[in-house]
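One structure below.
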Amino acid sequence: MMTTTTKSLDPITSELIKNALDALVDEMALTLVRTAYSSNLKNAMDLSAAVCDTEGQLIAQGLTLPLHLGSVPEFMRAVIAKFGGKMCEGDIYITND
């Protein structure tokens with residue numbers, strides 16, 4: 051399992067990381083829209099995208115429908131219960147609620 055350390059970041063570095071994560075999540079959402087077969091996804095962008103840390107905390111969300119993010123905590127609890135001891139840097143877990 052990955053370990054986390056807490057470091058103090060200066061405000062500029064913190065903002066750069068935040069903006070990079072926000073852009074990443076928006077790119078995830080746009081990739082879903084671009085490759086979707088569902089008209090709800092393509093036309094209404096009826097989806098959400100997010101990035102969580104190894105403890106399951108939401109750290110970035112996209113500019114899509116935040117309503118779907120309500121399922122993220124439960125999904126992350128299930129992922130951590132199943133894979134918590136085997137998570138490695140770079141692992142990606144995808145869900146479709």
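Add 50 to the 1-based position in the sequence shown for my numbering, that's all there is to it.
Cβ atoms here follow ideal geometry from the backbone N, Cα and C, with glycine treated the same way.
A quick note: this is a predicted structure, and the numbers were derived from the prediction, not measured.
query: Residue nearest to Cys102 in terms of C-alpha spacing, selected from Tyr143, Lys136, Asn93, Leu117; result: Tyr143
query: Those residues which DSSP pairs with Cys102 across a bridge; result: Leu108
query: Exposure label - Thr63; buried when at least 16 CB within 10 Å; result: exposed
query: Neighbour-count burial assignment, Leu66, 16 or more Cβ in a 10 Å radius; result: exposed
query: Nearest-angstrom Cα separation, counted from Ala128 out to Met95; result: 26 angstroms
query: Nearest-angstrom Cβ-Cβ length linking Val75 and Ala110, presumed shorter than 8 angstroms; result: 5 angstroms
query: Whether Leu71 touches Ser98 by CB criterion (7 angstroms); result: no
query: Limits of the unbroken alpha helix (DSSP H) element including Leu71; result: 61-85
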